[in-house]
Amino acid sequence: MADSPITNAPVGPQEKPILDKLLLIRDKLLLLKQDKSTYVKSSDVLPLYDQVIEQVHILNEVRGEEHLVQNRVDTVLDDCLQLISLFFMAVGRNNEAPALYAVTGNIMRLCHHVKEAAFYSKKDLTSLEHTLSKMEGTLESGKDKYSPALIKRVHYRLEICQAMLKELRAFLSTLSPEMVPVWEKLVSILRAIAALNTRSKFSSKDLHELRDQLLQIQSTMQDGKLPDESGEVSSGQDLVVPLLERCLKFTEIVEERHGKIDERFQETYDQLIEIRNQLDRLTMTQAWSLRETDLFMWQRKLDRIDDSRRDGNFFDAEGRPADLHAQRTLLYLIRRGYAYIYQLLIASEPVSEALLPIYNQLLTLRRCLVEVKKAGGVSNPRELYPYSMKLNSIDNMRVDGKFQIGKDIPEGQGSVNDLLAECYDLAYELRTDAEKESDDE
771 MADSPITNAP
781 VGPQEKPILD
791 KLLLIRDKLL
801 LLKQDKSTYV
811 KSSDVLPLYD
821 QVIEQVHILN
831 EVRGEEHLVQ
841 NRVDTVLDDC
851 LQLISLFFMA
861 VGRNNEAPAL
871 YAVTGNIMRL
881 CHHVKEAAFY
891 SKKDLTSLEH
901 TLSKMEGTLE
911 SGKDKYSPAL
921 IKRVHYRLEI
931 CQAMLKELRA
941 FLSTLSPEMV
951 PVWEKLVSIL
961 RAIAALNTRS
971 KFSSKDLHEL
981 RDQLLQIQST
991 MQDGKLPDES
1001 GEVSSGQDLV
1011 VPLLERCLKF
1021 TEIVEERHGK
1031 IDERFQETYD
1041 QLIEIRNQLD
1051 RLTMTQAWSL
1061 RETDLFMWQR
1071 KLDRIDDSRR
1081 DGNFFDAEGR
1091 PADLHAQRTL
1101 LYLIRRGYAY
1111 IYQLLIASEP
1121 VSEALLPIYN
1131 QLLTLRRCLV
1141 EVKKAGGVSN
1151 PRELYPYSMK
1161 LNSIDNMRVD
1171 GKFQIGKDIP
1181 EGQGSVNDLL
1191 AECYDLAYEL
1201 RTDAEKESDD
1211 E
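Whatever position you read off the sequence shown (first residue = 1), add 770 for our numbering.
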């Protein structure tokens, strides 16, 4: 496979053996990723993790103070750490330090794009801040268990993410609380226009409805300023007025192009549409079909397209820059792709893929029992018989209180057992309520 898209400096003779070892490890990781004939186990992943960390130590000794050098060793090492990270998630070790590497890389990309786009909601930042805060706690608890070399790398990436989030927060700092709803509305409309622009079937009707909303907001302007919902002109005009103008301008461009991108960038557009559609499908079926390592290739495809830009713009084969429509359309799709990957990563459960079929059955059972409770419960305890049968059949799979797959005891026992107990509690509550009603009658 091609390397991670990072600028390459020459590889010195002292680093050549390290590169050779890392290439071999990466090949092993890719083969393991592609093998869907069996479940991945911790015993498959940990030896490869140890081999990668060994090369990190050797690299640090060779480089000494020149640790900021970026060459092919770093790009292959990044691939190895990314794959190791995703494998840790696949075996249910989400709350351990190595699993954080992939998430930090995704958040760094996402923050760069959010900053470049210069329109986002406060809720977007809240989600990222919550994730980073949780990751910092995980990293702290893993300091004594994992190599300082790994901890240092992940910590450095977390610091970059926190610094970018601070910048993003500062950008919105001039918005008064009263102007936040206006800003959020404009952000929502611009996102809707961008999504409409990339639909397989363009809808002029939907575009006109969005434009009407913009014109309605524009009609409330007083002396070139937008009032808040109470009619007062509050601080934040430097943000909301340019965003309104940007929305109106992009609406005109999209209507003119009718959802068609400049043919010079059609191939890149098609690639990004395919990536977005595949990731969208994964968000619908994640619980049943996703192995976290599958995200590696999607992330790398996005990275390569993203890093093909020069000075932020896309260029065709003859070196001519993309126009505003093509530029914004392609950037929207890249940003959407990174956002999907982020959603899939943070939604990953700390349960080994070997236990996921059981875990997913219990999730479905819990959902059904909760719905029954919301609907008023059951009139007769016998109505709970199918749920009890299923719970007992799952419970009987345990050996000494643990779920075994073959001779292995996969990661995630606590999560599965907690969910099983929750289902039993719900069934017990429903049965008790039904018996009580029956006695009252």
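Glycine included, every Cβ here is placed at the ideal spot set by N, Cα and C.
Which residues DSSP lists as bridging Ala1197, in chain order: DSSP lists no partner for Ala1197.
field: Which listed residue (Tyr1039, Met1054 and Leu1190) has its alpha carbon closest to that of Leu1133
entry: Leu1190
message: Count Cβ pairs between the segment 1174 to 1181 and the segment 856 to 872 that sit closer than 8 angstroms; are there 3 or more?
response: yes
query: Given 8 angstroms as the limit, is there contact between the segment 1144 to 1160 and the segment 881 to 890, that is, 3 or more CB pairs closer than that?
result: no
- request: List the whole-angstrom C-beta distance separating Leu1094 from Phe1084, where the pair is believed to meet the contact cut-off of C-beta under 8 angstroms.
  value: Between Phe1084 and Leu1094 the Cβ distance is about 11 angstroms, and since that is not below 8 angstroms, they are no contact.
- prompt: Can at least three beta-carbon pairs, one atom from the segment 1184 to 1202 and one from the segment 1125 to 1132, be found at a separation below 8 angstroms?
  reply: yes
field: DSSP three-state assignment for Asn1166, whether helix, strand or coil
entry: coil
Rounded straight-line distance, which links the Cα of Arg1106 to that of Leu1042: 9 angstroms
query: For the putative contact between Cys1138 and Tyr1157, defined by C-beta atoms under 8 angstroms, what is the C-beta separation to the nearest angstrom?
result: 7 angstroms
task: Under 8 angstroms by Cβ, that's how I've got Asn1166 and Ala1204 pegged, so tell me the actual separation to the nearest angstrom.
output: So it is not a contact: roughly 24 angstroms between Cβ atoms.
- request: Report the residue from Val1169, Tyr819, Glu1153 and Gly782 whose alpha carbon sits nearest the alpha carbon of Arg842.
  value: Gly782
- request: Would you mind stating whether Lys798 and Leu829 have Cβ atoms separated by less than 8 angstroms?
  value: no
field: Beta-bridge partners of Phe741, as assigned by DSSP
entry: What is shown of the chain runs 771 to 1211, which leaves residue 741 out entirely.
Residue ranges of each alpha helix (DSSP H) within the segment 852 to 936, 4 or longer: 870 to 887 and 892 to 911
- prompt: Going by other Cβ atoms of all chains shown within 10 Å of its Cβ, with 16 needed for buried, is Ala872 buried or exposed?
  reply: buried
field: As assigned by DSSP and simplified to three states, the class of Leu1174
entry: One point to set straight first is that residue 1174 is Gln, not Leu, in the sequence displayed. Reduced to three states, the DSSP call for Gln1174 is coil.
message: Quick check on Asn1150: does DSSP put it in helix, strand or coil?
response: coil
- request: Leaving out five residues on either side along the sequence, give the residues of the same chain with a beta carbon under 7 angstroms from the beta carbon of Pro1012.
  value: none
task: Tell me where the alpha helix (DSSP H) around Phe1020 begins and ends.
output: Gln1007 to Arg1027
- prompt: With a CB to CB cut of under 8 angstroms and the five nearest residues on each side skipped, what residues in its chain are close to Asp998?
  reply: Ser946, Glu948, Met949, Pro951, Val952 and Ser1004
message: Using DSSP's beta-bridge definition, name the partner residues of Gln992.
response: Lys995
query: Sorted by chain position, which residues of the same chain lie with C-beta nearer than 7 angstroms to Leu793's C-beta, five sequence neighbours on each side aside?
result: Val846
message: Per the DSSP calculation, Arg796 is bridged to which residue(s)?
response: Beta-bridge pairing links Arg796 to no other residue.
task: Under 7 angstroms Cβ to Cβ from Gly1029, same chain only, skipping five residues before and after it: list those, please.
output: Asn967, Arg969 and Phe972
query: Between which two residues does the alpha helix (DSSP H) carrying Lys955 extend?
result: Val950 to Asn967
query: Leu1135 and Lys1172: beta carbons closer than 8 angstroms?
result: no
query: Among Val1024, Glu866, Glu1037 and Phe1020, which residue has its Cα nearest to the Cα of Ala1087?
result: Glu1037
- request: Please state whether DSSP places Pro1120 in a helix, a strand or coil.
  value: coil
task: Starting from the Cα of Leu851, find the closest Cα among Gly834, Asp820 and Cys881 and give me that residue.
output: Asp820
- prompt: Just checking my contact of Ala867 with Gly912 at CB under 8 angstroms: how many whole Å lie between their CB atoms?
  reply: 3 angstroms
Closest Cα partner of Arg796 within the set Arg1168, Asp848, Leu895 and Gln1097: Asp848
- request: Using the DSSP secondary-structure output, state which residues sit across from Pro947 in a beta bridge.
  value: Pro947 pairs with nothing; no bridge assigned.
- request: Keeping to the same chain, check which residues put their C-beta closer than 8 angstroms to that of Ile877; ignore five residues upstream and five downstream.
  value: Leu898, Thr901, Leu902, Cys931 and Tyr1112
query: For Arg1106, which three-state DSSP category applies?
result: helix
- prompt: For the candidate residues Ser891, Asp844, Lys915 and Thr1202, whose alpha-carbon lies nearest to that of Asn865?
  reply: Lys915
- prompt: In chain order, what residues of the same chain lie with their CB nearer than 8 angstroms to the CB of Glu1199, ignoring the 5 residues before and after it?
  reply: Lys1143
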